[in-house]
DNA sequence: CAATAATTAGGACATATATCCTATTTTAAT
DNA sequence: ATTAAAATAGGATATATGTCCTAATTATTG
């Protein structure tokens, strides 16, 4: 099995990943990716026989990357709250990209949903693993039954921040809302035994 | 000036509006719209000389519709809180469409941003008028300086709800979060004089 | 009714793009 | 080193699409 081919394959996926994020999936052509990688279309086609195939590979990589990132945080930080704050800080750390291209996960799902693309159900797994990880953290913080709902709210709020930041091209709003989100989370943790949830 | 032409023009815009929402802007062709209206491409081109022109017309209509909707609520309800609840209920009232196609405003802005389309700045006015209207309502409720921030949060949260509902194709989540959003707004109004904002 | 303007239809054209195919070059295996 | 497999390049093809053009039809106006 070609070792060289595998390396190129990964370069192609990385390129496609970037371009899909910056320009959108449909709006990115085989030629775009091939040119970005510096290979011919024919060679590209040797590695990926269809556009769905490269999309599938991109989603897989993103999913793997997300899981790895979450795992690292689980190891690196003992405090679940700190872990969640790390999650929220993704927004701040990528504010410039978000301003220009929105959220990579959200904007991809939005596009796939619009085209009724069957791979939406693979793409939204990227959200699902985050939701599940957040739920675990929140349960450790004492939120019982409500943990999953709060996790979903965290996802939704993050998405909203990304969409509006992107629409208004306004990073200030992002920072403002991140502050609000952290504050909200604090309250959520503080009041966790108010209603015995 | 042709009266007949104006009527057809409006039918075209209405069709484009729908199709842009359901399939996305780039993914909708002249032929798609012409076919949907029941006219020839040539005739279509007589009314709209470019794709940007029809996009512009769609954004204009949406903007007009939004302003009209907000004006009506301002007249129909005297209680600003009820007005805002009406705004939030858009989500519930369109839950099936949102599940399938997301938010018409948000998904359009996301697409335009991704293509670096200059008309993004026109499209986000659809959000801006909502933000301003919400700000007015919130000020009437006693939120002073914080009104605009709360208005923006309302927009962002709504967007997040739409994006996640769409990504997971899950209307239950929408209803859940709408409840949460209304509750949050209540608290916001209740505690409006806590910090004297 | 005549003539001018508005409207409509449908074809022409250039371009872009996903996909396929074949020839050539590079790498790996015996 | 020779041979088989892997990798790469670049052209061919079919299709879609935005845009343009011209001829025909309909509506309007004097």
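Residue numbers (this note's numbering), protein chains in the order written: chain A, 1 to 197; chain B, 198 to 394.
Glycine is no exception: its CB is placed at the ideal position from the N, C-alpha and C atoms.
- Spanning the alpha carbons of residue 345(B) and residue 174(A) requires a straight line of approximately 14 Å.
- The distance from the Cβ of residue 375(B) to that of residue 285(B) is about 6 Å, consistent with a contact at the 8 Å cut-off.
- Contact annotation: in the segment 344-358 of chain B, residues whose CB is within less than 9 Å of a CB in chain A are 346, 349, 350, 352, 353, 354, 355, 356, 357 and 358.
- For the segment 177-194 of chain A, the set of positions with a beta-carbon nearer than 8 Å to some beta-carbon of chain B reads 177 and 180 in chain order.
- Within chain A, 113 and 114 have C-beta atoms less than 8 Å from the C-beta of residue 298(B), given in sequence order.
- If you draw a straight line from the Cα of residue 214(B) to the Cα of residue 132(A), it is about 37 Å long.
- Excluding five sequence positions before and after residue 167(A), none of the CB atoms of its chain fall closer than 6 Å to its own CB.
- For residue 264(B) and residue 237(B), the gap between their C-alpha atoms comes out near 33 Å.
- Between residue 373(B) and residue 303(B), the CB-CB gap reaches or exceeds 7 Å.
- One Cα belongs to residue 228(B), the other to residue 320(B), and the distance between them is close to 24 Å.
- For the segment 219-248 of chain B, the residues whose beta carbon sits under 7 Å from a beta carbon of chain A are, in order, 220, 221, 223 and 224.
- Residue 315(B) sits in coil when the DSSP states are folded into three classes, being neither helix nor strand.
- Selection 293(B), 309(B) and 291(B) evaluated against residue 102(A) yields 309(B) as nearest (Cα-Cα).
- Relative to the Cα of residue 28(A), the nearest Cα in the group 76(A), 51(A) and 8(A) belongs to 51(A).
- In the three-state reduction of the DSSP assignment, residue 274(B) falls in the coil class, being assigned neither a helical nor a strand state.
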